[in-house]
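Just so you know, we're using this note's numbering here: the sequence shown kicks off at 2 and counts up by one.
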Amino acid sequence: MAAFASSFITGAVVIFALASLGGAGARLAVPLRWRIAAAAVCLVALAAADLFSLHRKSYCLIGMWRQARQSLVRDHPVTTVAAVWGFDTGLAITTFRVAAVTWGALVLTLFGFASWWIGIAYGVAFTVPLLTLLLTETNGGQLEHLLRRRPLIQSLSAVMLFAAGGFLLIPIL
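Structure (C-alpha cells):
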C-alpha cells in the first residue's frame with residue numbers, strides 16, 4: 002500500500018509539474034485576460050463533458066480508457082507492480098477518470114492559476130481515503146455502494162467546473 006501511495010503522489014507531482022512548466026512560456030507571452038478566458042472556456046467545456054458522461058452513464062469521456070497492465074503481477078514482485086500502478090494512476094491522464102475535475106486542475110495549472118504542488122494535494126486527497134478504505138474492514142456491499150456514487154461525483158464535478166469557469170470570468174467582464 003505504501004508503494005502504491007508514494008508512487009501515486011510522485012506521478013501526480015510529475016504531471017502537475019509538467020503542466021506548470023509546459024504553460025510557463027505561454028504565461029509570459031499571453032496576456033492575463035486571454036489566459037483567464039481560455040481557462041474559463043476549458044473549465045466550462047469540462048463541465049459539459051461531465052454532464053455528457055453522466056447522461057451516458059459512463060466514466061469521464063476525456064482521457065485514455067486504459068489501466069496499467071494486469072499481467073504485470075505475474076512477472077514482477079507485488080511491491081513493484083503496486084508502484085507502477087500507483088505512478089500510472091497518479092499521472093491522471095494515462096488512465097480513465099470518474100469525472101473531469103482532475104482535468105480542470107491540470108488546466109488551471111497549465112494557465113498559471115495553480116502551482117505544481119497541487120499534485121501533492123491531489124495525490125494525498127486520493128491516497129488517504131483509499132488507504133483508509135483498504136485498512137478498514139470493508140465488505141463487498143460497502144464497496145459496491147461507493148462505486149454507485151459515480152453520478153454524484155460527476156454532478157459535483159460539473160458544478161465545481163462551471164462555478165470555477167464563471168468565477169474566472171468575473172474580473173474580465
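We put the CB at the ideal spot given by N, CA and C, even for glycine. Fair warning: this is a prediction, and the values are worked out from it, not measured in the lab.
Item                                                                                             : Value
Contacting residues, own chain, Cβ-Cβ under 7 Å from T133 (five flanking each side not counted)  : none
Inter-residue spacing [alpha-carbon to alpha-carbon] between R57 and I63                         : 13 Å
Sequence-distant residues of its chain with Cβ nearer than 6 Å to D176 (five each side left out) : Here the chain has residues from 2 to 174 only, and residue 176 is not among them.
Cβ contact check for the stretch 36-49 and the stretch 124-131: 3 or more pairs under 8 Å        : no
For Y123, the first and last residue of its enclosing alpha helix (DSSP H)                       : 119-136
Three CB pairs or more closer than 8 Å across the stretch 155-165 and the stretch 120-127        : no
Through-space distance from R150 to G91, alpha-carbon basis                                      : 21 Å
Segment contact flag, the stretch 16-29 with the stretch 103-121, C-beta cutoff 8 Å, min 3 pairs : yes
Straight-line Cα distance separating P172 from M2                                                : 44 Å
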